[in-house]
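Asker: Protein chains in written order, with full-length UniProt numbering: chain A, 1 to 199; chain B, 1 to 199. Heads up, the beta-carbon is just placed ideally off N, CA and C, and yes, glycines get one too. Given the structure is predicted, the values throughout are model-derived calculations rather than measurements.
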Ligand SMILES: [Zn+2]
Ligand SMILES: [Zn+2]
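1) Would you call the stretch 133-141 of chain B and the stretch 68-83 of chain B in contact, with 3 or more CB pairs under 8 Å?
2) Please name the residues in the stretch 90-124 of chain B whose beta-carbon is closer than 8 Å to at least one beta-carbon of chain A, in chain order.
3) By how many angstroms is the C-alpha of residue 93 of chain B removed from the C-alpha of residue 144 of chain A?
4) Return yes when the Cβ of residue 47 of chain A is within less than 8 Å of the Cβ of residue 44 of chain B, no when it is not.
5) Would you check if there are 3 or more beta carbon pairs closer than 8 Å linking the stretch 27-46 of chain A to the stretch 69-78 of chain B?
6) Going by the C-beta, is residue 61 of chain A closer than 7 Å to any heavy atom of ligand 2?
7) Let me check understanding here. Comparing Cα to Cα, which of B:33, B:13 and B:97 lies closest to residue 24 of chain B?
8) In three-state DSSP terms, what is residue 188 of chain B?
9) How big is the Cα-Cα spacing for residue 175 of chain B and residue 146 of chain B?
10) Against chain A, with Cβ distances strictly below 8 Å, would residue 151 of chain B count as a contact?
11) Let me know if residue 106 of chain A comes out buried or exposed under the rule of 16 or more other beta-carbons within 10 Å of its beta-carbon.
12) So with Cβ pairs under 8 Å, would you call residue 143 of chain A a contact of chain D?
13) Have a look at A:90, A:101, A:183 and A:150 and flag the residue whose alpha-carbon is nearest the alpha-carbon of residue 113 of chain A.
14) Using 8 Å for Cβ pairs, my map puts residue 29 of chain A next to residue 22 of chain A. What's the rounded Cβ distance?
15) Does DSSP put residue 177 of chain B in a helix, a strand or coil?
16) On the premise that residue 167 of chain B lies in contact with residue 122 of chain B, defined as a C-beta separation below 8 Å, what is that separation, rounded to the nearest angstrom?
17) Considering Cα atoms alone, identify which of A:173, A:178 and A:180 is closest to residue 190 of chain A.
18) According to DSSP, what are the bridge partners of residue 146 of chain B?
19) Any heavy atom of ligand 2 inside 7 Å of the beta-carbon of residue 141 of chain B?
20) Select from the stretch 8-19 of chain A all residues with a C-beta closer than 9 Å to any C-beta belonging to chain B, and list them in chain order.
21) Straight-line CA distance for residue 51 of chain A to residue 60 of chain A?
22) Only counting the same chain, and skipping five residues up and downstream in sequence, which positions put a Cβ closer than 6 Å to that of residue 70 of chain B?
23) Between the alpha carbons of residue 141 of chain A and residue 26 of chain A, how many angstroms are there, rounded?
24) Looking at the structure shown, is residue 25 of chain A part of a helix, part of a strand, or coil, going by DSSP?
25) If you reduce the DSSP assignment to three classes, tell me which class residue 117 of chain A lands in.
26) Would the beta-carbon of residue 18 of chain A fall within 8 Å of that of residue 156 of chain B?
27) Terminal residues of the continuous alpha helix (DSSP H) containing residue 96 of chain A?
28) Looking at the strands, I want to know which residues DSSP matches up with residue 155 of chain B.
Shown next, in the form of structure tokens:
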């Protein structure tokens, strides 16, 4: 085996570690790239390298950008007194795509988990408590996933803030737009029923 | 939107163009990489750049390697007089993974297609004819896909070589190892029946 062949195999193995890709699709992706070396593979590699070298975690909220303070935290117009707490950057991106929230974020970096020994210190929860005082936050919107760990974390944060005068809210649970009841789990249906509103 | 955000979006769009990935899985993959910037994203980018810059098409067979003549063509032990004709490099890789063919390859780079105006000149078929004389080839093994265009191409090559004294063979068609009849298409079943052998 030549050196390239080894390099190509290393590349396939690295790509196969990405979520949604396995060895087979990684191989197909690398071959597709190899057949477009100048037009796709090289620009993609260089773009990836540039991002890897310049991206950093926002010191305030945990978002990923090129600056020590991300554009959302740097934008004074977003100092609305509302802080949306999310598990990870993917959730922040999802909220931003929806384009309806005008405040700022706080990325926890995970959820509390007794099993994985993840406590509040690992989750940027102390930073959250500090921001509430520093930034004059009036409302914390808990946008955590509807998993057991997500909900445990939500309750932990709500408890920690009880008596602080900050309103703690959470995203409404219910039937997704276009969702068919037949495909929804029981928990979603019962949550939607409990939160029913007049038509 | 900041520059990084634009760079990240460019990266997601480039990854989304790869086979097997869509916008959603590309986004998840990029986020996964962003959270492992030093340990995975940067090495992956650098490995990809190195391969993009050093890989080239073998001048003899069309395989991809770092040399003008690939390791298989450069290996005298593989001058067996057998040439395996494949559509693309992915098929060459698949044959090599099987590890049973000891001869050399010829990568056509596609199949004849009237619809896409792909003729023999576009497919390295003239190079194939030349190699047969130059390399003293005794047998051409057509390992083309069992598609209409693949079989058209196989017939074209067989016709072009009739009377040349070179044996032209093709891979056996039949039930794949572990294949369940129930999941096979009719063409495969009838091919397997026609080629049945005594048990
Ligand atoms: Zn920030
Ligand atoms: Zn070669």
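Answerer: Per the coordinate set shown:
1) yes
2) 90 and 93
3) 45 Å
4) no
5) no
6) no
7) B:13
8) helix
9) 13 Å
10) no
11) buried
12) Protein chains A and B are contained in the structure displayed, whereas chain D is not.
13) A:150
14) With 8 Å as the limit, residue 29 of chain A and residue 22 of chain A do not qualify as a contact, their Cβ atoms being about 11 Å apart.
15) coil
16) With a Cβ gap of about 26 Å, residue 122 of chain B and residue 167 of chain B do not count as contacting.
17) A:173
18) Residue 146 of chain B pairs with nothing; no bridge assigned.
19) no
20) 8, 10, 11, 14, 15, 17, 18 and 19
21) 20 Å
22) 58 and 63
23) 39 Å
24) helix
25) coil
26) no
27) 89-98
28) According to DSSP, which records beta bridges pairwise, residue 155 of chain B is partnered with nothing at all.
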